[in-house]
Each structure stands twice: as C-alpha cells, then as structure tokens.
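Under my numbering, the very last position in the sequence shown is 970; numbers go up by exactly one each time. Take a look at the structure set out below.
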Amino acid sequence: AAMVFWTFGDTARANWTQVGILALAALWAAVYFTANAWNYNAVDAGDETARSLGVRVERVRLLGMLAATLVTAVIIAFLGVIGFVGLVTPHMVRRVIGSDHRFLLPASAAAGALLLLAADTAARLVLAPHVLPVSVLTAFLGAPVFFLLILRRRP
C-alpha cells in the first residue's frame, strides 16, 4: 500500500505534523530562492553576463539544484509523487508575469499551491465518496502541456 501511495501521490494521508514539516521546508526554499532571485535573473541573461556582474554561476546552479532537490525530497517523502505541478505552473505564470525571478518565483509558488488545491478538491469530488489520487488529475492537466512544450521546442 505504501508503494502505491508514493506512486500515486496524494495529500489525503498527510497529518498536521507532516504539514508543519512541509511548511518549514517550503518556507526555507522560498526564503532561499527569493534571496537569490537577482542571481537567477543574471544567469538568465547568459553565463558571461552573469559572471561580469559578479555572479558565481556554477555555485548558483549547484546550490539551486541542491535546494530544489532537498525541498522536493521532503515533499515526496510525505505526499508521494504528484507530477506536473512544477512543470505546468511556472510555464503558465511566466506567460502572465514575465521572466523576472523576483516576481516569477513567488507567483509560481502561489499558483502551484492553488493548482494543487483545486486538483485535490476535484479529486475528492469527482467520484465521491471515493477519492482519486490527486496525481491522476495533475497528470491529466500536465501531460498535454508537456507534450505542447516538446512540440514548441522542435526546430
């Protein structure tokens, strides 16, 4: 049952202690990425430009990957794999807000939370009294978006 839970991620089994741990991990990540938003904007302009602005590009990338990996690991440990939220949301928000990480990061986090809340609510209502795993609904939304992103990237 535990393997199925992790494969089909869901919020239904999280208790308040786990929610507190998840909130701390999310808060830490939010503080870290918000504090480094300027560095990410510089890296978006190109490695040479970022270096000329004094950004240590390799360090920014490494620490960003470590921070994202850590918070992702905490979330997956408690909720399982809930796919496509981190793929769909930033792409939608970037189209509305733009690429400035000072605004993109918090807006993506808020939009991702709203998307997960909406998907979780729908998962509880679609086949009531049975509850679908929330990852099933996020996959229905995310798979077509992922496919469109692949098609757009082709030369």
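We treat Cβ as the ideally placed atom computed from N, Cα and C, and that holds for glycine.
Here's the rule: buried if 16 or more other CB atoms are within 10 angstroms of the residue's CB, otherwise exposed. What is S914? Against the sequence shown, residue 914 aligns to sequence position 99. When all chains shown are included, S914 counts as exposed.
Note down the Cα distance separating T864 from A857, rounded to an integer number of angstroms. In the sequence shown, the residue the question calls residue 864 occupies position 49. In the sequence shown, the residue the question calls residue 857 occupies position 42. Cα to Cα, the separation comes out at about 7 Å.
Taking C-beta to C-beta, are V949 and G824 nearer than 8 Å? Residue numbering aside, residue 949 sits at position 134 when the sequence shown is read from its first letter. Residue numbering aside, residue 824 sits at position 9 when the sequence shown is read from its first letter. Going by C-beta atoms, V949 is nearer than 8 Å to G824.
Whole angstroms are fine: how far does the CA of A838 sit from the CA of T822? Residue 822 sits at position 7 when you count from the first residue of the sequence shown. Residue 838 sits at position 23 when you count from the first residue of the sequence shown. In a straight line, the C-alpha of T822 is about 22 Å away from that of A838.
Status (buried if at least 16 other CB within 10 Å, exposed otherwise) for I891: Numbered from 1 along the sequence shown, position 76 holds the residue referred to as residue 891. Answer is exposed; the Cβ neighbour count stays below 16.
Go ahead and label D859 buried or exposed: buried means 16 or more other beta carbons lie within 10 angstroms of its beta carbon, across all protein chains shown. Taking the sequence shown and counting its residues from 1, the one referred to as residue 859 is at position 44. D859 should be labelled exposed.
Assigned secondary structure, D915 (DSSP; H/G/I helix, E/B strand, else coil): Translated into the one-based positions of the sequence shown, residue 915 becomes position 100. D915 carries a coil assignment under DSSP once its states are collapsed to helix, strand and coil.
8 Å contact criterion, which V931 and V903 should meet: CB distance rounded: On the sequence shown, position 116 is the one that residue 931 refers to. On the sequence shown, position 88 is the one that residue 903 refers to. Going by the sequence as given, residue 931 is Leu instead of Val. With a Cβ gap of about 11 Å, L931 and V903 do not count as contacting.
Relative to the C-alpha of E873, which residue among L885, N854 and V960 is closest? Reading the sequence shown from its first residue, position 58 is the one you call residue 873. Among L885, N854 and V960, the Cα nearest to that of E873 belongs to N854.
Around the Cβ of H916, are there at least 16 other Cβ atoms within 10 angstroms (buried) or fewer (exposed)? Taking the first residue of the sequence shown as position 1, residue 916 is located at position 101. Buried, by the Cβ-count rule.
With 16 as the cutoff for other CB atoms within 10 Å, does A925 come out buried or exposed? Translated into the one-based positions of the sequence shown, residue 925 becomes position 110. Burial call: exposed.
Note down, in chain order, each residue of its chain lying with its Cβ closer than 8 Å to the Cβ of A829, except the 5 sequence neighbours on either side. Counted from its first residue, the sequence shown places residue 829 at position 14. Cβ within range, chain order: L837, F893 and L894.
Hey, A934 and T953 are a contact pair by Cβ (cut 8 Å); roughly how many whole angstroms apart? Within the sequence shown, numbered from 1, the residue matching residue 934 stands at position 119. Within the sequence shown, numbered from 1, the residue matching residue 953 stands at position 138. The pair is a contact, with the Cβ atoms about 5 Å apart (cut-off 8 Å).
Does the distance from the CB of V951 to the CB of A937 come in under 8 Å? Numbered from its first residue, the sequence shown carries residue 951 at position 136. Numbered from its first residue, the sequence shown carries residue 937 at position 122. Not a contact, by the Cβ cut-off of 8 Å.
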